[in-house]
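The structure appears right after this line, and notes come after that.
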Amino acid sequence: LGDPQRHVAVAAPAHTMDRARLAALIAEEANRFVASHPRSVALARRAGASLVGGVPMPWMQRWASPVPPFAVSARGAEIVDADGARYLDLALGDTAAMAGHAPEPVVRAVAEQLERGTTTMLPSEAAVDAAEELTRRFGMPFWQLVLTATDANRFVLRLARLVTGRPKVLVHNWCYHGTVDETFAVVDPRATAGEAIARPGNLGPQVDPATTTRVVEINDLAATEAALATGDVAAILVEPALTNIGIVRPDPGYHAALRALATKYGALLIVDETHTISLGPGGATATWSLRPDAIVIGKAIAGGIPGAAYGMNAQLAERVGAATNLDEIDTGGIGGTVSGNVLSAVAIRATIGEVLTDAAFPGMVAGAERWADGVEEVLQRRSLGWSVARLGARAEYHFAPENPRNGGEAAAAVDHELERYLHLHAMVRGIVITPFHNMALFSPATPADAGARHAEAFDAAVAALQDSGALR
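The following block contains the structure:
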């Protein structure tokens, strides 16, 4: 399967930062935001009295502005906040709104279903329709519907441990699979066989990840084989390309070799397509001809309504059926009273049947290409040694001269202060990108000039950094 593929860290960025001048630029943009958002500031003050951190979920504190804009509506690729400010939305709910905000077919289908009820604990024709379309796209014959990709990952990992009798999970360094406990781990620097330690920021893990997880870098087949050779790995859970630490693509032949290793050592191979659906209607599985034992897909497939799914091949479905006791299936750790509800099924059916169609993806990918081309033109013209990574309808820039080749390299290239400035500068000028990294995502509703609008704002931000002496 090839020689060991360990690589040195990404070369140091071809620039230096004056942190004091960068802080002054951030303060200048923050003042602009506050001055133009009195209603959001007032709502944030009010929210601080009843919501922890002034937001309904902790990660909403990651927005670059002094307080988050308080949204009042979202249509297509535009958000309007409480102060009437309009934003070109290139975050799209960090993929949950990849179909665009409030797509008409989903709004119509969900409204009609609300009139007929939402939760009966009974199957629906919509669920069958959704599963059949997922089979067409991804090739997996059997599916289960849940509410989130986190649920789907958690449940399929339980099934993997059930049928293999093995305790551990193997994941990529700096992966993201929702809030699955086993995946909040990074490589232990003393590792010889993928030993793990808790990821920085892992809040109150109920179990030390070293007891549940092995971690290797994407593209490191030698380390992967060493981890699998221990014989205790039930499943390899991967994003086909890393996305949440910045886009990191697989090497040519990597996934074929990973499939061979999984088969050799008796581990199940699970592909999480939740973000890599950006590659096309069947995600990386169809685009790159992957052959996993199970697939997880969430966020985008229900048009913003909570909905996700996991699929499995016939062999795994048979093994699961043989190991399952129907009299105890309701308390086996898989499910949830509203999982598989008809409202989610209807939303999935409408989204993948009428919005995120085969015909929609070429335009979405073309939009992301224009965005990436615009960023690259600015970087070249201004002699700035950063790089741009592409993944179908998704693109991202890294503060490194070359695209990182693994999660460790991507993490080493992160600059939170610089990121905050660029995001805040864009937000003040009516453009939103995801608050967690430098990613732009394109929907069927994203306007054709989105790439040009972002490039103009990005150029102005870089110019301000260079002209002030903050970036040299």
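Here the sequence shown stands for residues 561 to 1032, numbered as in my numbering.
From the three backbone atoms N, C-alpha and C, an ideal C-beta is built for every residue, glycine too.
Quick check on DSSP: helix, strand or coil for PRO564?
Residue 564 sits at position 4 when you count from the first residue of the sequence shown. Because PRO564 carries a pLDDT of 28, less than 50, the predicted location of this residue cannot be relied on, and no value is offered for it.
Give every residue of the same chain whose Cβ lies closer than 7 Å to the Cβ of PRO665, excluding the five residues on either side of it in the sequence, and list them in chain order.
Here residue 665 refers to the residue found at position 105 of the sequence shown. Closer than 7 Å at Cβ, skipping near neighbours: ALA910, GLU914 and VAL915.
Which first and last residues belong to the beta strand (DSSP E) in which LYS859 is found?
Here residue 859 refers to the residue found at position 299 of the sequence shown. From DSSP, LYS859 is part of no beta strand (DSSP E); its letter is neither H nor E.
Which residues mark the beginning and the end of the beta strand (DSSP E) in which TYR957 is found?
The residue you call residue 957 lines up with position 397 of the sequence shown. 954-958 is the extent of the beta strand (DSSP E) around TYR957.
Indicate the three-state DSSP secondary structure (helix, strand or coil) for GLU555 in the structure shown.
The requested residue 555 is not part of the displayed model; the chain covers only 561 to 1032.
ALA970 and VAL740 closer than 8 Å at C-beta
The count along the sequence shown starts at 1 and reaches residue 970 at position 410. The count along the sequence shown starts at 1 and reaches residue 740 at position 180. The answer is no: Cβ separation not under 8 Å.
How far does the alpha helix (DSSP H) with ALA630 in it extend, from its first residue to its last?
Here residue 630 refers to the residue found at position 70 when the sequence shown is read from its first residue. Per the sequence presented here, residue 630 reads as Phe, with Ala not at that position. Where PHE630 is concerned, there is no enclosing alpha helix (DSSP H), given that its DSSP letter is neither H nor E.
On the CB-based measure, 16 or more other CB atoms within 10 Å of its CB, does MET617 come out buried or exposed?
Locating residue 617 in the sequence shown gives position 57, counting from the first residue. Exposed, by the Cβ-count rule.
With DSSP as the reference, label GLN766 as helix, strand or coil.
Here residue 766 corresponds to residue number 206 of the sequence shown, with the count starting at 1. Reduced to three states, the DSSP call for GLN766 is coil.
Whole angstroms is fine: what's the gap from ASN774's alpha carbon to LEU984's?
Indexing the sequence shown from 1 puts residue 774 at position 214. Indexing the sequence shown from 1 puts residue 984 at position 424. Strictly speaking, residue 774 in this sequence is Arg, with Asn absent from that position. Approximately 37 Å, taken between the alpha carbons.
Bridge partners of THR773, per DSSP?
On the sequence shown, position 213 is the one that residue 773 refers to. Note: THR773 sits in a beta bridge opposite VAL729.
Should the segment 707-718 be regarded as contacting the segment 870-877, the criterion being three or more beta carbon pairs within less than 8 Å?
yes
What are the boundary residues of the alpha helix (DSSP H) that TYR825 is part of?
To locate residue 825, count along the sequence shown from 1; it is residue 265. Segment 814-825, the alpha helix (DSSP H) holding TYR825.
Going by DSSP, what residue range makes up the beta strand (DSSP E) through SER947?
In the sequence shown, residue 947 corresponds to position 387, counting from 1. Here the beta strand (DSSP E) through SER947 covers 947-951.
In or out: ASP563 buried (at least 16 other Cβ within 10 Å) or exposed?
Position 3 of the sequence shown, counted from the start, is the residue given in the question as residue 563. Unreliable placement is indicated for ASP563, whose pLDDT of 30 sits below 50; no coordinate value is reported for it.
Simplified DSSP assignment, three categories, for VAL615
Mapped onto the sequence shown, residue 615 falls at position 55. Here VAL615 sits in coil by DSSP.
Could you say which of ALA1008, ARG941, ALA820 and THR790 lies nearest to GLN1026 if we only look at CA atoms?
Residue mapping note: residue 1026 aligns to position 466 of the sequence shown, counting from 1. Looking at the Cα atoms, ARG941 is the closest of the given residues.
So ARG592 is in the alpha helix (DSSP H); what residue range does that whole segment cover?
Here residue 592 is taken as the residue at index 32 of the sequence shown, counted from 1. That run of the alpha helix (DSSP H) goes 579-596.
Buried or exposed: which applies to ASP853, given that a residue is buried once 16 or more other Cβ atoms fall within 10 Å of its Cβ?
Translated into positions along the sequence shown, residue 853 becomes position 293. With 16 or more other Cβ atoms within 10 Å, it is buried.
Residue environment, ASN591, which counts as buried when at least 16 other CB atoms sit within 10 Å:
Counting from 1 along the sequence shown, the entry for residue 591 is found at position 31. That one is exposed.
Return the CA-CA distance between HIS737 and ALA656, expressed in angstroms with no decimal places.
Along the sequence shown, one-based indexing puts residue 737 at 177. Along the sequence shown, one-based indexing puts residue 656 at 96. Cα to Cα, HIS737 sits roughly 14 Å from ALA656.
Segments of 3+ residues assigned as beta strand (DSSP E) that fall wholly inside the segment 858-901:
868-872
Leaving out five residues on either side along the sequence, give the residues of the same chain with a beta carbon under 6 Å from the beta carbon of LEU561.
Working through the sequence shown from its first residue, we reach residue 561 at position 1. Its pLDDT being 31, under 50, LEU561 is placed unreliably in this model, and the value from its coordinates should be taken loosely. These residues qualify, in order along the chain: LEU781 and ALA817.
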